[in-house]
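Trainee: When we follow this note's numbering, the leftmost residue of the sequence shown carries the number 1, and every step to the right adds one. Even glycine gets a Cβ: it sits at the ideal position worked out from N, Cα and C. This structure is a prediction, so every number in the text was calculated from the model and none was measured. Got a structure here, written out as C-alpha cells. Questions coming.
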Amino acid sequence: MTGLRRILLAMSTPAEQRRKDPVDAIVEQWAQVRPDLDTAGMEVFGRVYRLARAMGDRMERAYARYGVSRGEFDVLATLRRSGEPYTLSPRQLSGALMLTTGGMTGRLDKLERAGLLRRSPDPHDRRGLQVTLTDEGLRLIDQAVGAGFAEQAAALSALDGERAAQLADLLRDLLFATERQG
C-alpha cells in the first residue's frame with residue numbers, strides 16, 4: 001500500500017481507530033497530569049507548528065538545490081512577485097519580509113555577489129536605492145519557486161481538493177482572528 005493510500009485510508013477511518021501522532025501523545029500526557037486543562041488549542045497549534053517546521057525543512061532543501069537559503073529565496077520571490085521591472089527599494093523589501101534594514105543588507109549583499117540582483121541609485125530619490133532582479137536571478141527564482149510549489153503540492157496531495165480548500169479556509173479564518181486579537 002502506498003504512503004498516500006495509507007494517509008487517505010487513515011483520514012476515512014473513525015477517529016478512535018486512527019494512527020496517533022506525537023501531538024496526541026502530548027495531549028494524553030497532559031490529560032493524565034492536568035485533566036482540568038483544555039488542550040483543544042494544542043491539538044490544532046501543535047500540529048500547525050510541527051507541519052510548518054517540517055514543510056520549512058522541505059522548502060529549505062528544495063531551494064538549496066538552487067544555491068539559495070529560504071531567506072534569500074524570499075527576497076528573490078518578493079522581487080519576482082512585484083512584476084516587471086522586478087524592482088523594489090530596500091525599504092519596500094524590508095517591509096514585505098518583516099526584516100530590519102540591517103538584516104536585509106546582508107541578504108542583498110550575498111545575492112548581489114551571486115549576480116542574482118543588482119542595486120542601483122533610485123532615479124526618483126537621490127538618497128535612495130533600488131534593487132532589481134538580474135536575468136540570472138529571474139531564471140533562478142522561476143525554477144526555485146516551481147520546485148517549492150511542487151513540494152507543497154506533494155504534501156497537500158494527502159487531502160482531496162475539497163478537503164484542502166476547506167483546510168485553507170479554516171486556516172484563513174483562524175489566522176485573521178488571531179492577528180486581529182494580537
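(1) Whole angstroms are fine: how far does the CA of residue 106 sit from the CA of residue 100?
(2) Is residue 181 helix, strand or coil when you go by DSSP?
(3) How big is the Cα-Cα spacing for residue 27 and residue 110?
(4) Count the other CB atoms, across all protein chains shown, that sit within 10 Å of the CB of residue 49; report buried if there are 16 or more and exposed otherwise.
(5) One question on the structure: do residue 67 and residue 114 come within less than 9 Å of each other, judged by their Cβ atoms?
(6) Could you say if the segment 69-85 and the segment 130-139 meet the contact criterion of at least three C-beta pairs nearer than 8 Å?
(7) Among all the DSSP beta bridges, which residues are the ones paired with residue 131?
(8) Look up residue 163 in the DSSP assignment and say whether it is helix, strand or coil.
(9) Nearest by alpha-carbon distance to residue 51: which of 152, 163, 166 is it?
(10) Kindly indicate the opening and closing residues of the alpha helix (DSSP H) around residue 105.
(11) In the structure shown, what three-state DSSP assignment does residue 65 receive?
(12) Under a three-way DSSP split, which group does residue 38 fall into?
(13) Could you tell me which of 128, 20, 65 sits nearest to residue 43, measuring between CA atoms?
(14) Could you say which of 72, 33, 176, 171 lies nearest to residue 137 if we only look at CA atoms?
(15) Please name the residue or residues paired with residue 125 in a DSSP beta bridge.
(16) Which of helix, strand or coil does DSSP assign to residue 55?
(17) For residue 173, which of helix, strand or coil comes out of DSSP?
(18) To the nearest angstrom, report how far apart residue 159 and residue 171 are at their CA atoms.
(19) Leaving out five residues before and five after residue 122 in sequence, what residues of the same chain have Cβ atoms less than 8 Å from its Cβ?
Mentor: By the coordinates alone:
(1) As a first step, residue 100 must be located in the sequence shown, where it is residue number 100. As a first step, residue 106 must be located in the sequence shown, where it is residue number 106. Using only the alpha carbons, I get a separation of about 11 Å.
(2) Here residue 181 refers to the residue found at position 181 when the sequence shown is read from its first residue. The answer is helix: DSSP assigns residue 181 an H, G or I state.
(3) For the purposes of this step, residue 27 is taken as residue 27 along the sequence shown, with counting starting at 1. For the purposes of this step, residue 110 is taken as residue 110 along the sequence shown, with counting starting at 1. Distance between the alpha carbons of residue 27 and residue 110 is about 44 Å.
(4) Counting from one through the sequence shown, the residue named residue 49 turns up at place 49. Burial call: exposed.
(5) In the sequence shown, the residue the question calls residue 67 occupies position 67. In the sequence shown, the residue the question calls residue 114 occupies position 114. Yes; because the gap between Cβ atoms is below 9 Å, this pair is in contact.
(6) yes
(7) The residue you call residue 131 lines up with position 131 of the sequence shown. According to DSSP, which records beta bridges pairwise, residue 131 is partnered with 88, 119.
(8) Sequence index remark: in the sequence shown, residue 163 carries index 163 (1-based). Of the three classes helix, strand and coil, the one that applies to residue 163 here is helix, per DSSP.
(9) In the sequence shown, the residue the question calls residue 51 occupies position 51. Across the set 152, 163, 166, the C-alpha of 152 shows the shortest separation from the C-alpha of residue 51.
(10) Here residue 105 corresponds to residue number 105 of the sequence shown, with the count starting at 1. For residue 105, the enclosing alpha helix (DSSP H) covers residues 101-113.
(11) Walking along the sequence shown from the start, residue 65 turns up at place 65. Residue 65 falls in the coil class under three-state DSSP.
(12) For this step, residue 38 is matched to residue 38 along the sequence shown. Reduced to three states, the DSSP call for residue 38 is coil.
(13) Here residue 43 is taken as the residue at index 43 of the sequence shown, counted from 1. Here the closest residue by C-alpha is 20.
(14) As a first step, residue 137 must be located in the sequence shown, where it is residue number 137. Minimum Cα distance to residue 137 is reached at 72.
(15) For the purposes of this step, residue 125 is taken as the residue at position 125 of the sequence shown. Answer by DSSP bridge pairing, in chain order: 122.
(16) Numbered from its first residue, the sequence shown carries residue 55 at position 55. DSSP, read as helix, strand or coil, puts residue 55 in helix.
(17) Counted from its first residue, the sequence shown places residue 173 at position 173. Annotated three-state conformation of residue 173 is helix, per DSSP.
(18) Numbered from its first residue, the sequence shown carries residue 159 at position 159. Numbered from its first residue, the sequence shown carries residue 171 at position 171. Take the alpha-carbon of residue 159 and the one of residue 171: they are about 15 Å apart.
(19) If you number the sequence shown from 1, residue 122 lands on position 122. Same-chain partners within the cutoff: 89, 128, 129, 130.
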